[in-house]
Every structure is written in C-alpha cells, then in structure tokens.
C-alpha cells in the first residue's frame with residue numbers, strides 16, 4: 001500500500017537508534033526516518049525533505065525530549081560542515097556506539113554471530129589529532145576564504161582563516177590563516193566549479209607528528225601560474241616549518257582531489273615523520289593515517305594479533321608507504337608489500353632503507369593481480385595483513401588467501417560494512433574471525449577503524 005507521507009511535512013518522531021554514520025533514526029507510518037543531529041531516546045520535531053518508498057530523510061527542527069547523553073557541540077560549524085557527525089554525543093557514548101556499529105555489521109552483512117568485538121579504544125584527548133587537512137576555496141566580496149564545503153555543495157560552511165578546526169593540529173590551523181592571507185596578497189583566483197575556470201581548486205596540508213615538518217599541496221587547474229615559485233618562496237619565508245611546497249595539476253571535471261601531474265615549487269617532494277620509532281617519508285599522494293596517536297595503538301594491536309616469532313613470511317597487502325610492513329619487519333623473517341600507487345612504493349622502499357630493514361620488498365600494482373600471481377608461483381605466506389581502501393578487498397585477493405591456505409590473516413579496515421562482507425566471505429573459505437578491535441581513529445565523526453584477527457580452521 002502506498003504511504004501518504006509527503007516531502008515538506010512536519011512530524012513528531014521518537015528516535016530509537018543511530019545509523020552507522022551518526023544519523024538518528026525513528027519510524028513514521030512504516031517508514032524509517034533518518035534525522036541528522038537526533039539521538040536515541042529523544043522525541044523530536046522534524047521536517048521531511050526526502051521521501052522514498054521505504055525510508056525518508058528529515059531536518060531536525062526541535063528537540064521535545066532530550067537524551068541524557070546529548071552535549072553541546074564545541075564547534076559552531078558542527079551542524080553545517082558535515083565533518084563532525086557526532087559532536088552532540090558524549091564521547092564515551094560515541095565509543096559504545098562505534099562498537100555496536102561493528103557488531104551490527106558483522107551480524108547483518110557478514111552473518112557472523114559469535115565474534116568477540118572488544119570495547120572501542122578511544123583517545124584521552126580527542127581533539128586536534130588530524131595531521132592532514134583538505135581545504136576548499138570560496139569568495140566573499142573581493143577576498144578569498146579557505147574552509148570546508150557544506151556536504152554535497154560548493155559553498156563554504158566553515159571558514160578556517162577566522163576560526164580553527166577542533167580536529168586539526170594546531171600548527172596546521174595557524175598555517176591556514178597565513179595561507180589565506182598570502183593567497184589574497186598575490187591575487188590568486190579560486191577555481192569556479194560551475195564554469196570550470198580559475199586556478200586554485202584545493203589545498204592539502206600535511207604535518208609530521210613527531211618532526212613538525214609541513215607540506216603544502218596546491219591543487220590547481222592547468223592555467224598558467226607565472227609567479228608560482230616566488231609565491232612558494234614567500235610562503236617558506238613566512239613559515240619555515242614548511243619544507244615542501246608542491247603544485248599538483250588536476251584538469252578533471254570531477255571532485256577527485258589530486259591530478260596525475262605534480263611538480264615541486266620549493267623544498268622536497270616529501271616530509272618526514274616518526275611512528276613507533278621508525279622514520280617515514282610521506283609524499284603528496286601517499287596514504288598515511290591522519291591520527292598518529294591512534295595509529296600507533298592500531299599497529300601495536302596488529303602486531304599483537306600477528307603473533308610473530310621472527311620466522312614468518314608476511315604479506316602486507318595495500319601497504320601504502322610501508323608503515324605496517326616496516327613495523328612488522330623487525331618481528332618477521334620476510335615482509336612483502338604490495339601497493340598500486342607508484343609514489344607510495346618508492347616511499348616504502350626508501351623508508352625500509354632508512355630504517356635499516358633488509359628483509360622487506362615492495363611491488364607496484366593492484367593487489368588483486370599481484371597476490372594471485374605470487375601464490376601461483378609458489379609463495380606460501382604465514383600471515384597476510386590486509387589494509388584495503390574503503391571499498392574493501394577484491395574477490396581475487398580473498399581467493400588467493402584461500403588458495404595459499406594462509407594460516408593467519410589480520411585485517412585492518414576503515415569501513416565496518418566492507419570488513420563484515422569480506423570476513424563473511426573468508427568464513428565460507430574456512431577462516432574463523434577470533435576477535436575484532438575497534439579503534440577510534442576519527443573522534444566526533446561517524447567513522448571507526450577496526451583490526452580483525454582470523455585463523456584458518458579447515
């Protein structure tokens with residue numbers, strides 16, 4: 001029967017749960033209604049703004065009955081920019097919620113009922129943890145502003161030249177204000193997404209947590225920029241902790257941040273950082289975890305689950321710049337890393353060299369091709385560590401693990417849904433998930449990192 005619910009209708013709704021992304025959810029006339037900003041236990045007034053056959057979305061208008069776990073957001077932009085979905089929820093409640101998200105995904109998607117999900121490992125001080133920021137540009141009158149677009153738009157919802165982001169490293173926040181001033185001093189033009197004209201598309205800033213070194217990546221269109229090196233020299237003069245200024249050229253029409261062409265305007269093409277006592281070079285396009293405090297926690301848990309004795313051959317699939325591979329190399333006989341991004345593989349090789357590791361090797365290419373090829377040639381790893389992108393592992397990767405009868409698998413994931421899917425597939429191949437440890441890599445957001453431990457039982 002077709003429901004009579006219409007977009008624009010104002011309803012009173014009892015909220016009974018949170019989605020994985022942090023939206024409150026209730027039911028109205030047999031529809032699941034998702035309300036950003038609402039919490040379980042609350043009675044709210046909300047206006048429907050999207051009505052589908054089996055669900056609806058609504059805007060929170062009023063909280064009639066407030067949940068005890070509600071707190072006041074610390075950031076005035078929290079409800080606008082979309083970066084912090086849970087600033088209105090008590091931090092300990094966030095940790096409990098993230099554990100329940102993982103448990104739910106394992107049951108619903110992976111069909112795994114008896115997996116031990118440990119309490120989420122949180123932060124003692126869950127602020128200013130991000131060592132990387134991605135900025136967009138907007139214009140107010142004749143002045144360019146830096147900040148974050150509101151979700152799904154090209155409109156700035158938070159302006160960081162005037163405020164600080166509470167998730168971002170304090171030195172990065174200070175640098176943002178100076179960048180905004182320098183961009184205006186040189187009359188650089190922001191990219192206009194509507195007609196695809198202008199120079200500056202995005203700005204990415206990275207910082208070494210232990211070293212303090214900083215990188216500024218200016219993502220531009222293909223327009224000429226005659227004064228690019230003078231601009232970079234001026235930036236370094238004002239901010240000597242910036243040791244790398246890179247221009248990345250992206251001529252695509254989409255939202256993908258980085259293009260394929262880049263050139264160094266000043267300094268090096270990488271910054272250095274220290275993690276778990278190991279040195280790492282980080283280039284503009286390389287993946288590196290954004291929360292160094294929790295990353296060390298995550299990797300120590302990975303090592304604990306690996307249970308290495310020094311005699312093992314280990315595969316680090318999706319190895320990035322070799323952070324996990326380098327960390328495990330001191331505890332294994334041989335570590336083989338695989339990564340599709342050539343610049344990351346170069347970083348991984350250099351990182352192993354500068355850390356004095358001679359039992360690592362790194363291969364460039366898609367893991368779904370490299371791992372099956374190596375297994376077909378007779379590779380028999382004792383452990384495979386999976387740390388794929390959000391989409392999870394290709395089926396060929398999991399089949400190669402089965403083919404090689406790998407006795408132990410450790411899976412690091414940033415998405416509980418794809419983690420649960422892949423663990424379910426591995427369960428059908430004879431692997432038992434013994435334990436899952438959620439780690440709060442992204443406090444105040446709906447995201448959760450996990451590390452899972454699997455053993456072959458057939």
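Residue numbers (UniProt numbering): 1 to 458.
Glycine included, each C-beta is placed from N, C-alpha and C at the ideal position.
Since this is a predicted model, take the numbers as computed values, not measurements.
Task: Option nearest residue 122 by Cα separation, candidates 103, 91, 343 - done: Per the Cα distances, 91.
Task: Cβ separation of residue 54 and residue 31, assumed to be a contact under 8 angstroms, to the nearest whole Å - done: Contact holds; Cβ gap of about 7 angstroms.
- [ ] Evaluate residue 292 with the Cβ neighbour count: other Cβ atoms within 10 Å of its Cβ, from every protein chain shown; 16 or more gives buried, anything less gives exposed.
- [x] Answer is buried; the Cβ neighbour count reaches 16.
Open item on the list: Quick check on residue 326: does DSSP put it in helix, strand or coil?
Closed with: Note: residue 326 maps to helix in three-state DSSP.
- [ ] Compare the beta carbon distance of residue 51 and residue 7 with 7 angstroms and say whether it is the shorter of the two.
- [x] A Cβ-Cβ contact shorter than 7 angstroms links residue 51 with residue 7.
TODO: Specify, as a first and last residue, the run of the alpha helix (DSSP H) that residue 302 falls within.
DONE: Its alpha helix (DSSP H) spans residues 292 to 306.
Task: For residue 442, the residue or residues it bridges with in DSSP - done: Residue 442 is not bridged to any residue.
- [ ] For residue 196, I'd like the list of residues in its chain whose CB is within less than 8 angstroms of its CB, leaving aside the five on either flank, ordered along the chain.
- [x] Once the five neighbours on either side are set aside, the close Cβ partners of residue 196 are 221, 253.
Open item on the list: Do residue 35 and residue 58 have their beta-carbon atoms positioned less than 7 angstroms apart in this structure?
Closed with: For residue 58 and residue 35, yes; Cβs fall inside 7 angstroms.
- [ ] Could you tell me the boundaries of the alpha helix (DSSP H) in which residue 418 lies?
- [x] For residue 418, the enclosing alpha helix (DSSP H) starts and ends at 416 to 428.
- [ ] Measure the CB-CB distance between residue 281 and residue 207 and report whether it falls below 7 angstroms.
- [x] Not a contact, by the Cβ cut-off of 7 angstroms.
- [ ] Could you tell me the boundaries of the alpha helix (DSSP H) in which residue 231 lies?
- [x] That run of the alpha helix (DSSP H) goes 228 to 238.
- [ ] Compute the distance between the beta-carbons of residue 374 and residue 402, then report whether it is under 7 angstroms.
- [x] Not closer than 7 angstroms, so no.
- [ ] Compute the Euclidean distance between the alpha carbons of residue 158 and residue 447, then round it to the nearest angstrom.
- [x] Between the C-alpha atoms of residue 158 and residue 447 there is a straight-line separation of about 20 angstroms.
Task: Separation of residue 71 from residue 362, as counted between CA atoms - done: Taking the straight line from one Cα to the other gives about 47 angstroms.
Open item on the list: Between which two residues does the beta strand (DSSP E) holding residue 248 run?
Closed with: Counting along the chain, the unbroken beta strand (DSSP E) around residue 248 starts and ends at 242 to 249.
Open item on the list: Tell me the rounded alpha-carbon separation between residue 301 and residue 451.
Closed with: So the two alpha carbons sit approximately 8 angstroms from each other.
Task: C-beta contact flag for residue 44 and residue 86 at 7 angstroms - done: No, the Cβ-Cβ distance between residue 44 and residue 86 is not below 7 angstroms.
Task: Helix, strand or coil at residue 185 according to DSSP, with G and I counted as helix - done: Correct three-state label for residue 185: helix.
Task: Cβ shell of residue 201 (< 7 angstroms), same chain only, five flanking positions each side left out - done: Cβ neighbours of residue 201 beyond the five flanking positions: 191, 219, 220, 221, 250.
Task: Among 431, 425, 438, 395, nearest to residue 415 - alpha-carbon criterion - done: Nearest to residue 415 by alpha-carbon distance, out of 431, 425, 438, 395, is 438.
Task: Residues that residue 411 bridges to, as DSSP identifies them - done: Beta-bridge partners of residue 411 (DSSP): 386, 452.
- [ ] Alpha carbon to alpha carbon, how far is residue 330 from residue 338? Give it in angstroms, no decimals.
- [x] Going from the Cα of residue 338 to the Cα of residue 330 covers about 18 angstroms.
TODO: From the DSSP output, read off the bridge partner residues of residue 190.
DONE: In the DSSP output, where bridge partners are listed per residue, residue 190 has 200.
Task: Where residue 97 falls: helix, strand or coil (DSSP) - done: Here residue 97 carries a helix assignment [DSSP, helix/strand/coil].
- [ ] Take residue 284 as the anchor and find which of 345, 314, 227, 255 has the nearest alpha-carbon.
- [x] Nearest of 345, 314, 227, 255 to residue 284, Cα basis: 345.
Task: Any 3 or more C-beta pairs closer than 8 angstroms across the stretch 377 to 391 and the stretch 73 to 87 - done: Cβ pair count under 8 angstroms is below three, so no.
Open item on the list: Measuring only the C-alpha atoms, how far is residue 155 from residue 60?
Closed with: Residue 155 and residue 60 have their C-alpha atoms spaced approximately 21 angstroms apart.
Open item on the list: Taking the straight line between their C-alpha atoms, what separation do you get for residue 321 and residue 125?
Closed with: So the alpha carbons of these two residues sit roughly 27 angstroms apart.
Task: Contact set for residue 241: own chain, Cβ-Cβ below 6 angstroms, skip 5 residues either direction - done: Non-local C-beta neighbours of residue 241 in its own chain, meaning closer than 6 angstroms and more than five positions away in sequence, comprise 212, 214, ordered along the chain.
- [ ] Evaluate residue 194 with the Cβ neighbour count: other Cβ atoms within 10 Å of its Cβ, from every protein chain shown; 16 or more gives buried, anything less gives exposed.
- [x] By the neighbour-count rule (16 or more Cβ atoms within 10 Å), residue 194 is not buried but exposed.
TODO: Quick one: residues in its chain with C-beta nearer than 7 angstroms to the C-beta of residue 458, no 5 flanking neighbours on either side, listed in chain order?
DONE: Excluding residues up to 5 positions away in sequence, 430 lie with their Cβ nearer than 7 angstroms to the Cβ of residue 458 in the same chain.
Task: For residue 137: DSSP bridge partner residues - done: Residue pairing by DSSP places residue 137 opposite 146 in a beta bridge.
Open item on the list: Taking the straight line between their C-alpha atoms, what separation do you get for residue 37 and residue 24?
Closed with: About 7 angstroms.
TODO: Compare the Cα-Cα distances from residue 332 to each of 311, 326, 349 and report the closest residue.
DONE: It is 311 whose Cα lies nearest to the Cα of residue 332.
Open item on the list: For residue 443 and residue 4, what's the separation of their Cα atoms in angstroms?
Closed with: Approximately 39 angstroms, taken between the alpha carbons.
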